[in-house]
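These notes are about the structure you will find just below.
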Amino acid sequence: METARTVKDISPHEFVKAYSAHLKRSGKMELSPYDPDWYYVRAASMARKIYLRGGLGVGAFQRIYGGSKRNGSRPPHFYKSSGAIARHVLQ
Numbered sequence: 001m002e003t004a005r006t007v008k009d010i011s012p013h014e015f016v017k018a019y020s021a022h023l024k025r026s027g028k029m030e031l032s033p034y035d036p037d038w039y040y041v042r043a044a045s046m047a048r049k050i051y052l053r054g055g056l057g058v059g060a061f062q063r064i065y066g067g068s069k070r071n072g073s074r075p076p077h078f079y080k081s082s083g084a085i086a087r088h089v090l091q
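Residue 53 in UniProt numbering sits at position 53 of the sequence shown, and the numbers go up by one each step.
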């Protein structure tokens, strides 16, 4: 008899890949930047982070998924990611 497996027992890459495939089949989004599955990968990653840490809000996800803004000849600085995506996934 197989024991129950939780998110903590599975590798992060395996979980995100499987859960993003599940979210993709639900058919909620149509537009994407470069990777056609970017939204579902982000949603699966956020679901895993909420399960492991709990209590994360939009601001926390903006910091987690933020990155460097390229300012041309000026030095790059950190900028938060979009809050709209985080709000939509958290609904």
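Glycine is no exception: its CB is placed at the ideal position from the N, C-alpha and C atoms.
Identity of the residue in the options nearest residue i by Cα
| i | options | result |
| --- | --- | --- |
| Ser45 | Ser26, Phe15, Gln91, Asp9 | Phe15 |
| Asp9 | Tyr79, Tyr51, Pro76 | Tyr51 |
| Ala84 | Tyr39, Pro76, Asp35, Asn71 | Tyr39 |
Beta-carbon proximity list for residue i, same chain, < 7 Å, skipping 5 on both sides
| i | result |
| --- | --- |
| Leu56 | Lys49, Ile50 |
Cβ-Cβ distance between residue i and residue j below 8 Å
| i | j | result |
| --- | --- | --- |
| Arg42 | Val7 | no |
| Lys69 | Pro76 | yes |
Status (buried if at least 16 other CB within 10 Å, exposed otherwise) for residue i
| i | result |
| --- | --- |
| Ala86 | buried |
| Phe78 | exposed |
Cβ shell of residue i (< 6 Å), same chain only, five flanking positions each side left out
| i | result |
| --- | --- |
| Val58 | Gly83, Ala86, Arg87 |
| Leu53 | According to the sequence shown, residue 53 is Arg rather than Leu. Nothing listed; no residue qualifies. |
Exercise. Any chance the region 58–66 sits against the region 12–21, with 3 or more Cβ pairs inside 8 Å?
Worked result: Under the Cβ criterion (8 Å, minimum of three pairs), the region 58–66 does not count as touching the region 12–21.
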